[in-house]
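Protein chains: 2
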Amino acid sequence: MVILGGGFGGLTVAKALAKAPVQITLLDRRNHHLFQPLLYQVATAALNPGDIAYPIRAVVKAQANVRVLLAEARAIDPATRRVVLDDGELAYDYLIVATGATHSYFGHDAWAPLAPGLKSVEDALEIRRRVFLAYEAAERESDPGAQRAWLTFVVVGAGATGVELAGALGEIGLHTLARDFRRIDPTQVRVLLVEGRDRVLGGYPPKLSAAAQRSLEKRQVEVRCGARVTAVDGDGVELTVGDRTERVAARTVLWAAGVEGSPLARSLGVPLDGAGRVVVEPDLSIPGHPEVFVVGDLAACTCDGKPVPGVCQGAMQGGAHAARSIEADLAGKARGPFRYRDRGSMATIGRTSAVVQIGRAQHHGFFAWLFWWVLHIFYVIGFRNRLAVILSWAWSWLTFQRGVRLITGPVGALPPVRDIGADGAPLLPPAARTVAVDREPA
Amino acid sequence: MVILGGGFGGLTVAKALAKAPVQITLLDRRNHHLFQPLLYQVATAALNPGDIAYPIRAVVKAQANVRVLLAEARAIDPATRRVVLDDGELAYDYLIVATGATHSYFGHDAWAPLAPGLKSVEDALEIRRRVFLAYEAAERESDPGAQRAWLTFVVVGAGATGVELAGALGEIGLHTLARDFRRIDPTQVRVLLVEGRDRVLGGYPPKLSAAAQRSLEKRQVEVRCGARVTAVDGDGVELTVGDRTERVAARTVLWAAGVEGSPLARSLGVPLDGAGRVVVEPDLSIPGHPEVFVVGDLAACTCDGKPVPGVCQGAMQGGAHAARSIEADLAGKARGPFRYRDRGSMATIGRTSAVVQIGRAQHHGFFAWLFWWVLHIFYVIGFRNRLAVILSWAWSWLTFQRGVRLITGPVGALPPVRDIGADGAPLLPPAARTVAVDREPA
Numbered sequence: 001m002v003i004l005g006g007g008f009g010g011l012t013v014a015k016a017l018a019k020a021p022v023q024i025t026l027l028d029r030r031n032h033h034l035f036q037p038l039l040y041q042v043a044t045a046a047l048n049p050g051d052i053a054y055p056i057r058a059v060v061k062a063q064a065n066v067r068v069l070l071a072e073a074r075a076i077d078p079a080t081r082r083v084v085l086d087d088g089e090l091a092y093d094y095l096i097v098a099t100g101a102t103h104s105y106f107g108h109d110a111w112a113p114l115a116p117g118l119k120s121v122e123d124a125l126e127i128r129r130r131v132f133l134a135y136e137a138a139e140r141e142s143d144p145g146a147q148r149a150w151l152t153f154v155v156v157g158a159g160a161t162g163v164e165l166a167g168a169l170g171e172i173g174l175h176t177l178a179r180d181f182r183r184i185d186p187t188q189v190r191v192l193l194v195e196g197r198d199r200v201l202g203g204y205p206p207k208l209s210a211a212a213q214r215s216l217e218k219r220q221v222e223v224r225c226g227a228r229v230t231a232v233d234g235d236g237v238e239l240t241v242g243d244r245t246e247r248v249a250a251r252t253v254l255w256a257a258g259v260e261g262s263p264l265a266r267s268l269g270v271p272l273d274g275a276g277r278v279v280v281e282p283d284l285s286i287p288g289h290p291e292v293f294v295v296g297d298l299a300a301c302t303c304d305g306k307p308v309p310g311v312c313q314g315a316m317q318g319g320a321h322a323a324r325s326i327e328a329d330l331a332g333k334a335r336g337p338f339r340y341r342d343r344g345s346m347a348t349i350g351r352t353s354a355v356v357q358i359g360r361a362q363h364h365g366f367f368a369w370l371f372w373w374v375l376h377i378f379y380v381i382g383f384r385n386r387l388a389v390i391l392s393w394a395w396s397w398l399t400f401q402r403g404v405r406l407i408t409g410p411v412g413a414l415p416p417v418r419d420i421g422a423d424g425a426p427l428l429p430p431a432a433r434t435v436a437v438d439r440e441p442a
Numbered sequence: 443m444v445i446l447g448g449g450f451g452g453l454t455v456a457k458a459l460a461k462a463p464v465q466i467t468l469l470d471r472r473n474h475h476l477f478q479p480l481l482y483q484v485a486t487a488a489l490n491p492g493d494i495a496y497p498i499r500a501v502v503k504a505q506a507n508v509r510v511l512l513a514e515a516r517a518i519d520p521a522t523r524r525v526v527l528d529d530g531e532l533a534y535d536y537l538i539v540a541t542g543a544t545h546s547y548f549g550h551d552a553w554a555p556l557a558p559g560l561k562s563v564e565d566a567l568e569i570r571r572r573v574f575l576a577y578e579a580a581e582r583e584s585d586p587g588a589q590r591a592w593l594t595f596v597v598v599g600a601g602a603t604g605v606e607l608a609g610a611l612g613e614i615g616l617h618t619l620a621r622d623f624r625r626i627d628p629t630q631v632r633v634l635l636v637e638g639r640d641r642v643l644g645g646y647p648p649k650l651s652a653a654a655q656r657s658l659e660k661r662q663v664e665v666r667c668g669a670r671v672t673a674v675d676g677d678g679v680e681l682t683v684g685d686r687t688e689r690v691a692a693r694t695v696l697w698a699a700g701v702e703g704s705p706l707a708r709s710l711g712v713p714l715d716g717a718g719r720v721v722v723e724p725d726l727s728i729p730g731h732p733e734v735f736v737v738g739d740l741a742a743c744t745c746d747g748k749p750v751p752g753v754c755q756g757a758m759q760g761g762a763h764a765a766r767s768i769e770a771d772l773a774g775k776a777r778g779p780f781r782y783r784d785r786g787s788m789a790t791i792g793r794t795s796a797v798v799q800i801g802r803a804q805h806h807g808f809f810a811w812l813f814w815w816v817l818h819i820f821y822v823i824g825f826r827n828r829l830a831v832i833l834s835w836a837w838s839w840l841t842f843q844r845g846v847r848l849i850t851g852p853v854g855a856l857p858p859v860r861d862i863g864a865d866g867a868p869l870l871p872p873a874a875r876t877v878a879v880d881r882e883p884a
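Same order as they appear, the protein sequences are chains U and A.
Each step along the first sequence adds one to the number in this note's numbering, with nothing skipped, and position 374 is 374.
Every number in this note's numbering is 442 more than the matching position in the second sequence, counting from 1.
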């Protein structure tokens, strides 16, 4: 059998079938499994990529019936039971499609390079590069308006990723970089969180949305609900609220809105929902092909009339169900339907704040944050990573610092250096102002 | 005053002048200081980039007389006392040039993309990408000769960097990846260390060179001394020993040979040595310009008739001397000459082996390695990084694993997948061979 994707869904299937009489080829276009819930911490320099990514081969190395292949699937042909790769084909008897989903620019694909999203390690490093380069540019800039555009960060979409990104960006301005620069006033840093719906964390109870918004506002995040982004260019965004349009000058725009299923789904030849996800049968197989399962973010499925959310636990529970169905087939038993059990959801908004919902229980504030912290540590794959993550966080938390602020890759255009010096208007109070002079007194 | 370069030399000058009545502009084209002696550990997936790199701004944030500028110097004009940048100019009264040196392709610059060197974080990530992609390609390849070329790693230059890289590459083949792949036989991994001189670690006493070579050979590294690389292409290298020429098929070639001063030196208009380094006065200033100092790898200087080596301690001692000279000027006192004090050198060759030379004392083996380890931990900048490095190493050491094996960036061309499957000749013993079949028995 073939598994496409080494995320939470695909890995769960592979591990659940460790003792089953099947030979598994696990295919991923990356060599690492990614603990995506913490990816925003890489983007905001609190964690190293290596802290939350782990080689897929190492995860399954002791499992003799799994072969890992670094390759990208281009299409699936259910009629002939083959997966088409860039450079070859794989035959399957069972197929698990777990290639996930990405954010959606709602038809405006030209915005992608202007407003990067956060799905891969490369995305996170690109966001980290842009955020910290913006501060470097602001330090060089002497025109107050232009400096303010460098210090304005727009996050589009207030789901968990958007809220966590915005909270971290606010804290970077307030705490992390406060003493690092000579010409940046931390109170000038502006983080805008734009959401089309009427509140942040729309999937949570309204009480927790309100608590999250208060936490964000404490971190100098301006929350703009009911606002749509109607234009993005290199200089900022256009926001539309009702029939009113506003232009925000911002040099850094990050995208955390929408859902779009992996394009691979289109080749299956079965109905997709509006977001390009596969509408699966109750057992997570696709119509007419009981040997093909779709698990994780790419599956559009409901349980008790409610949609199963695109989160880790959905993917893991779906993967476990697909594995059980295959084992039932092998044992000549009937498959059961997939039942999703909501174990709760949580999102963090910074150093000491989180919102947690488990069943009917709703919590926010410091203890919610502590709970979030322990649970995420527990789930990060691999002993080593767990320790490294604990230490990185402990350090970040105790010192307000973010250690992984490397800017790598191209630097690009910064304001010219002639803007700095005796002629550039110093922006800081007199005590700090002296450093803008490039002469020594002696 | 202006300092060009935030490496060991430049940072030492800035910190030594913390209380001096000077205003310092510290310029670097990167936003981070790099602990270069451990860069090979990033290239070989034992450490994260963030473990050995630290934001320059954070290092000097408490020092009010330092302003940090992310910029690249293009030229220096000592006559008008100006530094020319891409996008502006900086005037100076004192100038410290600490832009370092890189490896040298000895005129064959076309080899650079084929055989990357190891100087920056980007270099290390590129080497990591190539090394671990080579294993992925080997896993796909069914032709034994082609597979062997993917599993052959050539390291050119057996100074400290080359020896440390080669030792780590040998251990990756023997230990780290031994169980991760299904079609790679670890004994097929071949690491070739090519050195033009007659022994490895030419700067060390012959006894330690011999010990290092024995350690390398235990890690399946083939040491080729007295050999020159006379051609490099995408398929391998040509080695010339005396008048005999040999072709080695290798898909991964890494460069750790030669020294070439930063090109900025040429604009100073003073004599350079054969490697493009600035021949400095006894006080490390340049001829005719006592206000310009060159410190670190870019300076060609001698002490007691012996050349000062291009290592951290040379840069740090040189930086301290330049700072003392400036303070002497300000106090109206005479400058003294730079005196280099050799505090010893050391290189590590893997999990349990190192060579250490301190004065007349020479050590090798496990205790030398322990000493190396403690000293490097001690010197890595920043408390956080120190802890992260200890943990990463402890984990790598205890488990023979390397956790940071992410392949990021472009994947490029791998052998086609049709090479794998029932028709591809399995390379492993029968126990493992079953996984090459893509059908499940049930």
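Here a beta-carbon is modelled for each residue, glycine too, at the ideal position from N, C-alpha and C.
If contacts are defined as beta-carbon pairs under 8 Å, then residue i and residue j qualify, I think. What distance do you get, rounded to the angstrom?
| i | j | result |
| --- | --- | --- |
| L284 of chain U | A20 of chain U | At roughly 17 Å, the Cβ-Cβ gap does not stay under 8 Å, so L284 of chain U and A20 of chain U are not in contact. |
| A347 of chain U | T252 of chain U | Going by Cβ atoms, the distance from A347 of chain U to T252 of chain U rounds to 22 Å, so no, they are not a contact pair. |
| A53 of chain U | V121 of chain U | 6 Å |
| L446 of chain A | V539 of chain A | 5 Å |
| A124 of chain U | G319 of chain U | The pair is not a contact, with the Cβ atoms about 24 Å apart (cut-off 8 Å). |
| V674 of chain A | A557 of chain A | 5 Å |
| G609 of chain A | A698 of chain A | Going by Cβ atoms, the distance from G609 of chain A to A698 of chain A rounds to 12 Å, so no, they are not a contact pair. |
| E613 of chain A | R793 of chain A | 6 Å |
| L714 of chain A | V720 of chain A | 6 Å |
| V510 of chain A | I498 of chain A | 5 Å |
Under the rule that 16 or more other beta-carbon atoms within 10 Å means buried, what is residue i, buried or exposed?
| i | result |
| --- | --- |
| F106 of chain U | exposed |
| F35 of chain U | buried |
| L812 of chain A | exposed |
| L153 of chain U | The question names Leu, yet the displayed sequence has Phe at residue 153 of chain U. Buried is the call here. |
| R632 of chain A | buried |
| A776 of chain A | exposed |
| P491 of chain A | buried |
| I518 of chain A | buried |
| A300 of chain U | buried |
| E606 of chain A | buried |
| T544 of chain A | buried |
| P705 of chain A | exposed |
Beta-carbon within less than 6 Å of residue i's beta-carbon, same chain only, minus the 5 sequence neighbours each way: which residues are those?
| i | result |
| --- | --- |
| R670 of chain A | G638 and T682 |
| K748 of chain A | none |
| L151 of chain U | A138, Q188 and V189 |
| V13 of chain U | I3, I96, G319, A322 and A323 |
| V598 of chain A | V636, V671, W697 and A699 |
Residue i bridges to which residues according to DSSP?
| i | result |
| --- | --- |
| H763 of chain A | DSSP lists no partner for H763 of chain A. |
| Q313 of chain U | Partner(s): none; Q313 of chain U has no beta bridge. |
| P290 of chain U | Note: P290 of chain U sits in no beta bridge, so no partner. |
| K306 of chain U | U:C303 |
| S104 of chain U | For S104 of chain U, which the question treats as bridged, DSSP gives no partner whatsoever. |
| I800 of chain A | A:A803 |
Residues in its own chain within less than 7 Å of residue i by CB, not counting five upstream and five downstream?
| i | result |
| --- | --- |
| G718 of chain A | E702, G703 and A707 |
| A653 of chain A | V797 and H806 |
| L208 of chain U | L201, V355, Q357, Q362 and H364 |
Leaving out the 5 sequence neighbours to the left and right, which residues in its chain are closer than 8 Å to residue i when beta-carbon positions are compared?
| i | result |
| --- | --- |
| D419 of chain U | Legend: pLDDT at D419 of chain U = 41, less than 50; position of this residue unreliable, value from coordinates given subsequently. These residues qualify, in order along the chain: R140, E141, S142 and D143. |
| G452 of chain A | I445, L446, L468, D470, I538, A540, V737, G738 and G761 |
| G236 of chain U | A149, T152, V154, R247, V248, A249, A250, R251 and V253 |
Length-filtered (3 minimum) beta strand (DSSP E) runs lying within the region 323-353 of chain U: You should have 345-348.
Start-end ranges of the beta strand (DSSP E) lying completely within the region 612-644 of chain A, minimum 3 residues: Qualifying beta strand (DSSP E) stretches, in chain order: 632-636.
Within the region 6-91 of chain U, ranges of the alpha helix (DSSP H) (whole runs, at least 4 residues): With a minimum length of 4 residues, the continuous alpha helix (DSSP H) runs that stay inside the region 6-91 of chain U are 8-16, 39-43, 49-52 and 56-59.
Inside the region 654-691 of chain A only - beta strand (DSSP E) runs reaching at least 3 residues: Here the runs fully enclosed are 663-666, 670-675, 678-683 and 686-691.
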